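Trainee: Before I ask anything, let me first share the structure, which is written out below as structure tokens.
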Ligand code: NAD
């Protein structure tokens, strides 16, 4: 209705320091109510062209600023986002479906920290130098920003992951054209409103909103965008590799996972159980690092399962803005159906669903009846070959299976196409090191989960990605290196 459409939030692209309207728009839903509440620009080639031009024009001045000047601007932006933390958290929760608690304590603080972290780390890089005395030569390396970076991010941790790319890209002196997920664009738009006040010159950060197929692909195919940093699914990454191949673009690809948790019989279950619940169900299981295959050593299997399921049942699903709620809404109706379909397939294959979807009933507040909610679901006795054990589900579903030996569990943990993260639980230090060394994963957490030092490399092996992000890794990705030889 007219009255309804009037109340909609309408986003605009941010190009060359100005908000610009678009000729067409996409509806964006509030996942906790199922209502359309926002309209997102449906940008195409034209908008991307304008944004790339603005970024190109801004490059000479921005790239010639000193790291310290850029650092000060990044810090200012961090302060401004932090000042509005509550508004950003509310917006992220409403747009994505995640709980307000998660947005307040994880998403927005991390977005702030991303800017602070790269504001600091950009000041501390050194380049290499070697001496070749017999030739009378010294060699040194010099690094320079590349140009216009295309940044494409997913919907699960919207501002968190977008700023994880924007911050290093601009800290290094590049200018950017960013495209957030069409399903979660609001906080990126809110950030644009703060750029001028932070002192980010016009054209340094441009944001074009729209779908992957239209906006994203226009960015990937643009000849003046030499590097693309992408976080999203493996399928999309394949498409991006194909589309960027004719231009030989530099790509950083952070993709999906099918992360195992390996729990040995000497694990401290009082620590392991609550943390494995978090690693399975945090953010509705919509984190690339979430655990979705839990391997438990035979001796403690039934005890673990009993305690794990009892605790999983305590996770409260409901209105994301209720601070007592643990599980919010999934991103979309389509995604909810996809996640549910895995549970049905598991049942059809003879696996046992111990709690959650199809087993327990979910009662929702009156205003959330049409939201995309689902109970945390634990599946047992599922075969390793099952799609539930092979494919990324990306929802609040986790599979628990038993194992006997270390050798066996390493093999089974590695028997998927992905290789992003793994957790190992054991009080045997030797075993922890041994197993961590042999797991095919870019990140291995032992006796903990999601503890990150942003200095160190982040990224996946196998189908989980190409390249790493982190203080040094992002610096290397977002700069071009040159080796210079001086003969004296
Ligand atoms: P997605 O691949 O569907 O979309 C990611 C982004 O790419 C969106 O902005 C989308 O619009 C865009 N896109 C889609 N098609 C495109 C195309 N042809 N060309 C250019 N851009 C295109 O992923 P999603 O569903 O938004 O996110 C979930 C996925 O992201 C999961 O697989 C998850 O594991 C992964 N993820 C990985 C990490 C990591 O760091 N490894 C972090 C978070 C999420």
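Residue numbers (the working numbering): 1200 to 1687.
Glycine included, each C-beta is placed from N, C-alpha and C at the ideal position.
Because the structure is a prediction, the values reported are computed rather than measured.
1) Output needed for residue 1320: all residues of its chain with C-beta closer than 6 Å, excluding positions within five of it in sequence on either side, in chain order.
2) For residue 1344, count neighbouring C-beta atoms within 10 Å of its own C-beta (all shown protein chains included) and say buried if the count is 16 or more, exposed if not.
3) Rounding to the nearest angstrom, what Cα-Cα distance links residue 1200 and residue 1289 in this structure?
4) So is the beta-carbon of residue 1439 under 7 Å away from any non-hydrogen atom of the ligand NAD?
5) Going by the C-beta, is residue 1540 closer than 7 Å to any heavy atom of the ligand NAD?
6) Would you give the residue range spanned by the alpha helix (DSSP H) that residue 1261 belongs to?
7) Tell me the rounded alpha-carbon separation between residue 1224 and residue 1231.
8) Between 1292, 1408, 1376, which has its C-alpha nearest residue 1483's C-alpha?
9) Identify every run of the alpha helix (DSSP H) within the region 1471-1522, keeping only runs that are complete inside it and at least 4 residues long; order them along the chain.
10) According to the neighbour-count rule (16 or more other Cβ atoms, all chains shown, within 10 Å of its Cβ), is residue 1202 buried or exposed?
11) Is residue 1657 helix, strand or coil by DSSP?
12) Helix, strand or coil, according to DSSP, for residue 1202 in the structure here?
13) Under 8 Å: do the region 1544-1556 and the region 1570-1589 share three or more Cβ pairs, one atom per stretch?
14) What are the boundary residues of the alpha helix (DSSP H) that includes residue 1684?
15) Can you round the beta-carbon distance between residue 1450 and residue 1443 to whole angstroms, since I take them to be within the 8 Å contact cut?
16) Using a Cβ-Cβ cut-off of 8 Å (strictly less than) and excluding sequence neighbours within five positions of residue 1488, which residues of its own chain qualify?
17) Tell me where the beta strand (DSSP E) around residue 1378 begins and ends.
18) Closer than 7 Å: is that where the CB of residue 1355 sits relative to any heavy atom of the ligand NAD?
19) Cα separation between residue 1659 and residue 1353?
20) Output the residue ranges of the beta strand (DSSP E) runs that lie fully inside the region 1396-1461 and measure 3 residues or longer, sorted by chain position.
Mentor: Based on what the coordinates show:
1) For the purposes of this step, residue 1320 is taken as residue 121 along the chain shown, with counting starting at 1. For residue 1320, where only same-chain residues beyond five positions count, the Cβ hits under 6 Å are 1670.
2) Within the chain shown, residue 1344 is the residue found at index 145, counting from 1. Buried, since its Cβ has 16 or more Cβ neighbours within 10 Å.
3) The count along the chain shown starts at 1 and reaches residue 1200 at position 1. The count along the chain shown starts at 1 and reaches residue 1289 at position 90. Confidence at residue 1200 is low in this model, with a pLDDT of 42, below 50, so the placement of that residue is unreliable and no value is reported for it.
4) Here residue 1439 refers to the residue found at position 240 when the chain shown is read from its first residue. Residue 1439 Cβ: within cutoff of the ligand NAD.
5) Mapped onto the chain shown, residue 1540 falls at position 341. No.
6) For the purposes of this step, residue 1261 is taken as the residue at position 62 of the chain shown. Where residue 1261 is concerned, the enclosing alpha helix (DSSP H) stretches over 1244-1262.
7) Here residue 1224 corresponds to residue number 25 of the chain shown, with the count starting at 1. Here residue 1231 corresponds to residue number 32 of the chain shown, with the count starting at 1. So the two alpha carbons sit approximately 22 Å from each other.
8) Position 284 of the chain shown, counted from the first residue, corresponds to residue 1483. That would be 1292, whose Cα lies nearest to the Cα of residue 1483.
9) 1497-1511
10) On the chain shown, residue 1202 is found 3 positions in, with the first residue counted as 1. Unreliable placement is indicated for residue 1202, whose pLDDT of 48 sits below 50; no coordinate value is reported for it.
11) For the purposes of this step, residue 1657 is taken as the residue at position 458 of the chain shown. Reduced to three states, the DSSP call for residue 1657 is strand.
12) Taking the chain shown and counting its residues from 1, the one referred to as residue 1202 is at position 3. The predicted model places residue 1202 with a pLDDT of 48, which falls under 50 and marks its position as unreliable, so this point remains unresolved.
13) yes
14) Residue numbering aside, residue 1684 sits at position 485 when the chain shown is read from its first letter. Counting along the chain, residue 1684 falls outside any alpha helix (DSSP H), though it belongs to the beta strand (DSSP E) covering 1678-1686.
15) By one-based count along the chain shown, residue 1450 stands at place 251. By one-based count along the chain shown, residue 1443 stands at place 244. Yes, they are in contact, since the Cβ atoms of residue 1450 and residue 1443 sit about 6 Å apart, within 8 Å.
16) Indexing the chain shown from 1 puts residue 1488 at position 289. The residues are 1456, 1458, 1478, 1619, 1620, 1642, 1648, 1649.
17) The residue you call residue 1378 lines up with position 179 of the chain shown. Run containing residue 1378: 1374-1378, per the beta strand (DSSP E) assignment.
18) The residue labelled residue 1355 in the question sits at position 156 within the chain shown. Yes, since a heavy atom of the ligand NAD falls inside the 7 Å radius drawn around the Cβ of residue 1355.
19) Numbered from 1 along the chain shown, position 460 holds the residue referred to as residue 1659. Numbered from 1 along the chain shown, position 154 holds the residue referred to as residue 1353. Answer to the nearest angstrom: the Cα atoms are 16 Å apart.
20) 1404-1406, 1426-1430, 1449-1453
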